[in-house]
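Remarks on the structure that follows.
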Amino acid sequence: MVQNKDDRFYNEPILRRARKGLPIKELVIDAHGHLGAWMQFYIPQYDAASIVKVMDRCGVKAIAISGMLSIGPDYKAGNRAVAQAADAFPGRFIGYVTPNPNYPAKEVEHELDFWLTSHNWMRGIKLHPSYHEYPITGPRYQIAFEKAREYHVPILSHTWGQGDENSLCGPALFADIAEAYPDVTIILGHAGGLLPGYRTAIEVALDHPNLYLETCGSFQAMGLLEYLVENLGSERILFGSDCCFLAQTAEIGRVVFAKLTTEEKKNILGLNAAKLFNYPA
Ligand SMILES: [Zn+2]
Numbered sequence: 055m056v057q058n059k060d061d062r063f064y065n066e067p068i069l070r071r072a073r074k075g076l077p078i079k080e081l082v083i084d085a086h087g088h089l090g091a092w093m094q095f096y097i098p099q100y101d102a103a104s105i106v107k108v109m110d111r112c113g114v115k116a117i118a119i120s121g122m123l124s125i126g127p128d129y130k131a132g133n134r135a136v137a138q139a140a141d142a143f144p145g146r147f148i149g150y151v152t153p154n155p156n157y158p159a160k161e162v163e164h165e166l167d168f169w170l171t172s173h174n175w176m177r178g179i180k181l182h183p184s185y186h187e188y189p190i191t192g193p194r195y196q197i198a199f200e201k202a203r204e205y206h207v208p209i210l211s212h213t214w215g216q217g218d219e220n221s222l223c224g225p226a227l228f229a230d231i232a233e234a235y236p237d238v239t240i241i242l243g244h245a246g247g248l249l250p251g252y253r254t255a256i257e258v259a260l261d262h263p264n265l266y267l268e269t270c271g272s273f274q275a276m277g278l279l280e281y282l283v284e285n286l287g288s289e290r291i292l293f294g295s296d297c298c299f300l301a302q303t304a305e306i307g308r309v310v311f312a313k314l315t316t317e318e319k320k321n322i323l324g325l326n327a328a329k330l331f332n333y334p335a
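Taking my numbering, I'd label the letters of the sequence shown as residues 55 to 335.
Here you go:
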């Protein structure tokens with residue numbers, strides 16, 4: 055967002071520090087990341103060490119991440135890669151376990167149980183109805199919501215409120231799920247996708263206190279952050295980058311340069327996520 059010196063947000067301290075090129079000092083947790091290469095386009099650096107390097111540059115303490123392989127050809131290999139990254143850089147990676155609903159229910163259940171009970175940093179579940187081509191309301195996803203309830207971990211789902219994806223994971227579909235699982239925190243990735251999606255995501259979130267909105271996306275309109283905070287407040291909005299689909303450096307700039315107060319930025323950048331992921335305990 056364009057800032058000028060008359061702007062009352064111009065001297066906001068988080069922004070002022072970023073202008074100097076310094077890493078953010080406040081707690082920052084990126085709620086939406088991906089580890090590994092992707093088949094559709096070239097990503098220059100996607101390994102754990104490279105991700106940590108960028109995090110250090112930006113001042114990001116931890117990133118909640120799922121495996122690219124998990125939303126692509128091999129969900130179990132992706133989950134293993136995430137756990138390995140968390141082991142290699144303690145406290146820097148919070149792992150999402152990703153189930154693939156196209157595999158047998160028993161196998162998927164075992165995968166969720168295994169990681170959510172055996173690894174301290176596997177603290178969430180990631181769902182991708184678009185890449186897995188399976189609707190969020192389908193019965194094979196129920197196990198994920200049940201396990202989230204059992205282990206008290208949040209679920210991040212890709213959402214997109216436009217085009218074909220709207221019937222798989224449009225934000226309106228989360229109303230019934232949020233009602234069926236009121237004790238499960240559900241994060242709507244990309245805050246509903248595009249403008250019609252944002253509007254619906256806000257409406258649904260206003261009706262259901264267990265829904266959170268996450269901010270990443272390469273199409274995100276100018277003023278989105280302000281729009282979300284104005285309508286929902288800052289306590290259920292989470293900074294996410296979609297790294298390494300997208301650059302964390304650019305995505306964090308959306309929050310830092312938004313016309314928001316320091317308190318609002320702190321909530322979005324890290325305080326809200328710290329509560330959801332019980333970070334750092
Ligand atoms: Zn994602």
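Heads up, the beta-carbon is just placed ideally off N, CA and C, and yes, glycines get one too.
- Judged by pairs of C-beta atoms under 8 Å, the stretch 59-68 does not touch the stretch 270-287, as fewer than three such pairs exist.
- Remark: C-beta atoms of alanine 118 and isoleucine 148 approach each other more closely than 8 Å.
- With 16 or more neighbouring CB atoms inside 10 Å of its own CB, glutamate 305 falls in the buried class.
- In this structure, ligand 1 has no non-hydrogen atom nearer than 7 Å to the beta-carbon of glycine 247.
- Between leucine 267 and lysine 59, the alpha-carbon positions lie close to 30 Å from each other.
- About 7 Å separates the beta carbon of leucine 181 from that of histidine 212, a gap short enough to meet the 8 Å contact definition.
- Burial state of lysine 115 is buried, judged by a 10 Å Cβ sphere holding 16 or more other Cβ atoms.
- Along the length of the stretch 216-302, whole beta strand (DSSP E) runs at least 3 residues long occupy 240-243 and 265-268, reported in chain order.
- Annotated as distal: leucine 222 and proline 250, with beta-carbon spacing of 8 Å or more.
- A heavy atom of ligand 1 is found nearer than 7 Å to the CB of aspartate 296.
- In the structure shown, tyrosine 333 adopts coil according to DSSP, grouped into three states.
- With a cut-off of 7 Å, the C-beta of glycine 132 is classified as distant from ligand 1, since no heavy atom of the ligand falls inside that distance.
- With contact defined as three or more Cβ pairs closer than 8 Å, the stretch 222-232 and the stretch 133-144 are not in contact.
- Fully contained in the stretch 126-212 are the following beta strand (DSSP E) runs of length 3 or more, in chain order: 147-151, 176-181 and 209-212.
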